[in-house]
Ligand code: GLU
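Numbering (my numbering), first residue to last: -1 to 481.
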């Protein structure tokens, strides 16, 4: 059997859209599950949309999520160049073949004429489509126009009324009517091919065996198939990935939230969570396992687990997965991840000891959904001075004076504990034993204690807080609250 080869073919137009990451990952999962190669090809033929530095940032974010390419512009390979604008000569050769065969033609229509044509179609409620004005120009006319220096594009000639059958691995047979197909542009007036041409030539020359791409390309599928037929090339297998919708059923758009992978990275989503989340956007493992590492996905991935109905982008699910992967991290790793966010907010600096930071993260990680949240969750633990809301210190039936008295008693008790014994477990045991011996109600003491240490309505329990703050800081806070 021939080596299986899949590719990711992004256009370098800016940050990586989450939908494109899903395409990249599905290609990668399938390639690796079939023990095939995964190739990166940069489709930069639309130079108006190109953004400087986009290829570099693409490589960076893909390597961050853990996608490893076997060939590509950054590592080379036997089927390069892997950047389309470096392959212009190749496309010239193949377009000539198409023109010679009569399956493509020169079009000299001006943009004004095309605009006028489109307007009329719109007025007559017709689908926009080239009216084939130049399709039947004589060889002499064409020669003369070219000689005259008239600008032209080259269009694909769609067959007159027939049916074109294509086969998608997920959807099965799909039939298109040729009347519905546009004689679309293959080579633009600047001599650069469109996606529709370069993509097919490259997939063929790069020996791609399976094409995984978004289902927005389904409409191009019959035209692509016609090109393969004309050239007499074997078509790769096509897998059009299902649409991704937001929870409300609309298109994923920037207005409703982040759509770029970089945004999620900035907010502190972990690559493990993003990979796991994207895998479930259109695929479901047989055994219903929901938490999956990259290698587990690759082990289990198969076309049978994929569907065609739109996948729903559920941010709560991503948060849930991210929380899971955060809790899998060691405290050391997690504090390395958190430190830049806390530094940015001015909560820690170079002098902040790792051991102090790690305690704070230890007591917060259970509730942490994304690393960015660490600052808002823990800011009160780093402050030198807390401003107390008096009412917050008071527990249910107690008066303010009683609450303060209780704090005084607890202060004395904690003061006796030696630094070396200042652990969560010890603190908890000593305080609970004392409450029991003295027949005190837990809430009457633990609530004011917790608020004196945090100043917050919600926080970890007082023993965790006291441990993370350390003895000196804890006593200082209780003292301040009493006063
Ligand atoms: N350059 C196309 C895009 O970025 C590639 C589509 C495909 O995979 O064929 O959408």
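Just so it is clear, CB atoms sit at the ideal spot from N, CA and C, and this is done for glycine as well.
The structure displayed is predicted, hence computed values, not measured ones.
Exposed is the label assigned to residue 217, since fewer than 16 other Cβ atoms lie within 10 Å of its Cβ. In the DSSP secondary-structure assignment, residue 304 is bridged to 281.
Only residues of its own chain outside the window of five on either side were considered, and among them 72 have a CB closer than 6 Å to the CB of residue 57, listed in chain order.
Its chain contains 2 as the residues whose beta carbon lies nearer than 8 Å to that of residue 33, once the 5 sequence neighbours on both sides are disregarded; these appear in chain order.
Using a C-beta cut-off of 8 Å, the region 180 to 197 makes contact with the region 85 to 92, since at least three inter-stretch Cβ pairs fall below that distance. With a cutoff of 7 Å, residue 472 does not count as near the ligand GLU, since its C-beta is closer than that to no heavy atom of the ligand. In this structure, residue 458 keeps its C-beta atom at 8 Å or more from the C-beta atom of residue 324. Under the DSSP assignment, residue 454 falls outside any beta strand (DSSP E); it carries neither an H nor an E label. Across the structure, residue 353 and residue 471 are spaced so that their CA atoms are roughly 15 Å apart. When rounded, the separation of the alpha-carbon atoms in residue 345 and residue 452 is 15 Å. Per DSSP, the unbroken beta strand (DSSP E) holding residue 210 starts and ends at 208 to 212. Taking C-alpha positions only, residue 406 is separated from residue 263 by approximately 46 Å. Annotation note: the region 62 to 104 contains the following uninterrupted alpha helix (DSSP H) runs of length 4 or greater, listed N- to C-terminal: 86 to 99.
The alpha carbon of residue 107 has as its nearest neighbour, out of 152, 293, 467 and 203, the alpha carbon of 152. Under the 8 Å Cβ criterion, the region 274 to 282 counts as touching the region 291 to 305, having at least three qualifying pairs. A straight line joining the alpha-carbon of residue 26 with that of residue 226 spans about 24 Å. Short note on residue 193: C-beta closer than 7 Å to some heavy atom of the ligand GLU. Minimum Cα-Cα distance from residue 411 among the listed residues 430, 401 and 395 corresponds to 430. Taking C-beta separations shorter than 8 Å and ignoring five residues to either side along the sequence, the partners of residue 171 in its chain run 163, 164 and 165, following chain order.
Non-local C-beta neighbours of residue 125 in its own chain, meaning closer than 6 Å and more than five positions away in sequence, are absent.
In this structure, 44 is the residue among 63, 312 and 44 with its C-alpha nearest to the C-alpha of residue 82. When secondary structure is reduced to three states using DSSP, residue 244 falls in the strand class. Relative to the non-hydrogen atoms of the ligand GLU, the Cβ of residue 9 comes within a distance shorter than 7 Å of at least one. Relative to residue 332, the option among 366, 343 and 310 whose CA is nearest is 366. The beta-bridge partner set that DSSP reports for residue 258 consists of 15.
The ligand GLU has a heavy atom closer than 7 Å to the beta-carbon of residue 211. In the displayed model, residue 7 falls within coil according to three-state DSSP, outside both helix and strand. Here the region 312 to 330 lies against the region 366 to 378, with 3 or more beta-carbon pairs under 8 Å apart.
Residue pairing of residue 164 in beta bridges, as defined by DSSP: 172. The ligand GLU never approaches residue 48 closely enough for any of its heavy atoms to be under 7 Å from the residue's Cβ. Annotation: the continuous alpha helix (DSSP H) that includes residue 356 extends over 352 to 360. Residue environment: residue 289 is assigned as exposed (fewer than 16 neighbouring CB atoms within 10 Å of its CB, all protein chains considered).
8 Å or more divides the Cβ of residue 478 from the Cβ of residue 417. Counting along the chain, no alpha helix (DSSP H) covers residue 217, and no H or E run does either. Distance between residue 224 and residue 87, taken at the CA atoms: about 22 Å.
Contact between residue 398 and residue 388 holds: their C-beta atoms lie close to 6 Å from each other, under 8 Å.
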